[in-house]
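Notes to accompany the following structure.
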Amino acid sequence: GSVRQCQKAGIEVHMLTGDHPGTARAIAAEVGILPSNMSSLAKDVTDAMVMTATQFDKLSDDEVDALPLLPLVIARCAPNTKVRMIDALHRRKAFA
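Last residue of the sequence shown? That's 102 in the numbering used here, and every number before it is there in order.
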């Protein structure tokens with residue numbers, strides 16, 4: 007699908023959604039945003055992959071920058087959280 011095509015092109019896909027965390031995780035796994043080998047990854051990595059907006063918004067910019075990776079999925083997301091995520095991606099030079 008489209009997510010796989012993006013990944014093959016070197017684009018890391020993130021999903022920021024208003025959905026419930028369980029729904030968001032299931033959809034992200036189904037479309038390939040979340041890796042199929044999550045159970046074999048370190049807990050700090052898997053914890054960072056899926057967050058709620060409340061969890062993400064409680065983090066300072068320094069704490070966000072210290073995460074092993076930016077969340078691939080943020081559930082219950084509001085517009086201000088999306089802006090913070092874009093800012094974090096910019097700080098990591100994820101795109102120009």
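Heads up, the beta-carbon is just placed ideally off N, CA and C, and yes, glycines get one too.
Report the three-state DSSP secondary structure of alanine 81 (helix, strand or coil). strand
Neighbourhood of leucine 73 by C-beta, 7 angstroms cutoff - its chain only, sequence neighbours within 5 removed: Ala54
In chain order, each alpha helix (DSSP H) run of at least 4 residues that lies wholly inside the segment 8 to 63: 8 to 14, 27 to 37, 49 to 55
Rounded to whole angstroms, how far is the Cβ of threonine 95 from the Cβ of leucine 78, which I believe are closer than 8 angstroms? First, the amino acid is wrong: residue 95 is leucine here, not threonine. Rounded, the Cβ-Cβ distance is 12 angstroms, inconsistent with contact.
Identity of the residue in Gly28, Thr29, Pro27, Pro41 nearest glutamate 18 by Cα: Pro41
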